[in-house]
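Written below as structure tokens is the structure these notes are about.
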Amino acid sequence: MELGRELGELYQRLLGSFGHRNWWPGETPFEIMVGAVLTQNTAWLNVEKALANLKEAGVFTPAKMAALPREELAKLITPAGYYNVKAQRLGNFLALLAGKYRGRIPSLAKRPTQALREELLAVNGIGPETADCMLLYALERPVFVIDAYTFRVLSRHGLARAPYDYPVLQAMFMENLEQNVEFYNDFHAQLVHLGHHFCKRGKPLCDLCPANGWRGRP
DNA sequence: GACCAGGCACATC
DNA sequence: GATGTGCATGGT
-1 MELGRELGEL YQRLLGSFGH RNWWPGETPF EIMVGAVLTQ NTAWLNVEKA
49 LANLKEAGVF TPAKMAALPR EELAKLITPA GYYNVKAQRL GNFLALLAGK
99 YRGRIPSLAK RPTQALREEL LAVNGIGPET ADCMLLYALE RPVFVIDAYT
149 FRVLSRHGLA RAPYDYPVLQ AMFMENLEQN VEFYNDFHAQ LVHLGHHFCK
199 RGKPLCDLCP ANGWRGRP
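The numbering used here puts the first residue of the first sequence at -1, with every later residue one more than the last.
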């Protein structure tokens, strides 16, 4: 049984059930990158409040955010939780952006994917998921994003086993599927949607789960 | 009032 | 190298 085919069929079934998810919510690459940090272990609804605060305060540009005292930045992003940690992490990212790219996302976007990924991972506070969200959703690079939902859904569908291992799971997707930005974008979004609404602990298996009727065909 | 949410870094063994 | 812990708000 071929993994790529199985994953592809899972995607088709998700697409058929939910339609295109149209991710990532956010109007600019910068907004998506900031959102990627703010959403770390945090419900998106709270991230939206923090983003709205930044916009209302008129500081939602790389230069203005970088110039903001750390406590003021923390105050604005309070609704997103872990606000002290995240203010520091955003500061670290903004420092990379300002220091190496003159605060310009288009300059940063000229870097090749792997080099950029390593630069992002070198920022304290940007781990693999945050970096890959930035690469896929803000910069449109064909990088598959793994997260807690991905692992949960795959486990429940018998396609992955503990322990949670980011590189292993990522390779599962990228070595068995076509490396395509639109596809990766929507597939990950579908997995989050499924995990969020149906594939939860304490919930019965949804009709997309193998144990509840799904046998690998859409 | 518990439990969870689109992680990550760091301490400790 | 594996395991545990701090960070924090807001919705269900």
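No residue lacks a Cβ here, since even glycine has one placed at the ideal position from N, Cα and C. Only a predicted model underlies this, so the values are computations on that prediction, with no experimental measurement involved.
Spatial neighbours of residue i within its chain, please: C-beta separation below 7 Å, excluding the five flanking residues on both sides.
{"i": "arginine 150", "result": "Gly193, Cys197"}
{"i": "alanine 61", "result": "Gly101"}
Since I believe residue j is in contact with residue i (beta carbons under 8 Å), could you give me their beta-carbon distance rounded to a whole number of angstroms?
{"i": "alanine 158", "j": "leucine 167", "result": "6 Å"}
{"i": "asparagine 183", "j": "leucine 134", "result": "6 Å"}
{"i": "valine 121", "j": "phenylalanine 91", "result": "5 Å"}
{"i": "leucine 137", "j": "alanine 107", "result": "5 Å"}
{"i": "threonine 128", "j": "valine 190", "result": "No, threonine 128 and valine 190 are not in contact; Cβ-Cβ is about 15 Å, not under 8 Å."}
{"i": "alanine 48", "j": "alanine 78", "result": "4 Å"}
{"i": "glycine 2", "j": "leucine 175", "result": "6 Å"}
{"i": "cysteine 66", "j": "phenylalanine 171", "result": "A quick correction: the sequence has leucine, not cysteine, at residue 66. The pair is not a contact, with the Cβ atoms about 37 Å apart (cut-off 8 Å)."}
{"i": "isoleucine 30", "j": "tryptophan 22", "result": "5 Å"}
Keeping to the same chain, check which residues put their C-beta closer than 8 Å to that of residue i; ignore five residues upstream and five downstream.
{"i": "glycine 89", "result": "Ala64, Arg68, Leu71"}
{"i": "glutamine 188", "result": "Tyr9, Leu12, Leu13, Phe16, Arg19"}
{"i": "glutamate 180", "result": "none"}
Near residue i, which residues of its chain fall below 6 Å by C-beta distance, leaving aside the five closest residues on each side in sequence?
{"i": "glycine 56", "result": "none"}
{"i": "arginine 139", "result": "Thr111, Leu133"}
{"i": "isoleucine 124", "result": "Leu118"}
{"i": "proline 126", "result": "Tyr164"}
{"i": "isoleucine 103", "result": "Pro27, Phe28"}
{"i": "threonine 40", "result": "Ala78, Gly79"}
{"i": "aspartate 130", "result": "Val141, Val143"}
{"i": "aspartate 145", "result": "Glu127"}
{"i": "phenylalanine 58", "result": "Leu52"}
{"i": "tyrosine 162", "result": "Phe149"}
Sorry if obvious, but does the Cβ on residue i come closer than 7 Å to a heavy atom of the ligand SAH?
{"i": "leucine 189", "result": "What this structure holds is no ligand at all, so the ligand SAH is not there to describe."}
Next on the checklist: Counting beta carbon pairs with one atom in the region 60 to 77 and one in the region 116 to 134, are three or more of them shorter than 8 Å?
Outcome noted: Contact between the region 116 to 134 and the region 60 to 77 is absent, with fewer than three C-beta pairs closer than 8 Å.
Item to check | Sequence ranges, alpha helix (DSSP H) only - wholly within the region 127 to 183, length at least 4 | outcome: 146 to 154, 164 to 172
Next on the checklist: Suppose only complete runs of 3+ residues qualify. What are the beta strand (DSSP E) ranges in the region 11 to 59, listed by chain order?
Outcome noted: Those beta strand (DSSP E) runs which fall completely within the region 11 to 59 and span 3+ residues do not exist here.
Item to check | Length at least 4, wholly inside the region 83 to 123: the alpha helix (DSSP H) runs in chain order | outcome: 103 to 106, 111 to 119
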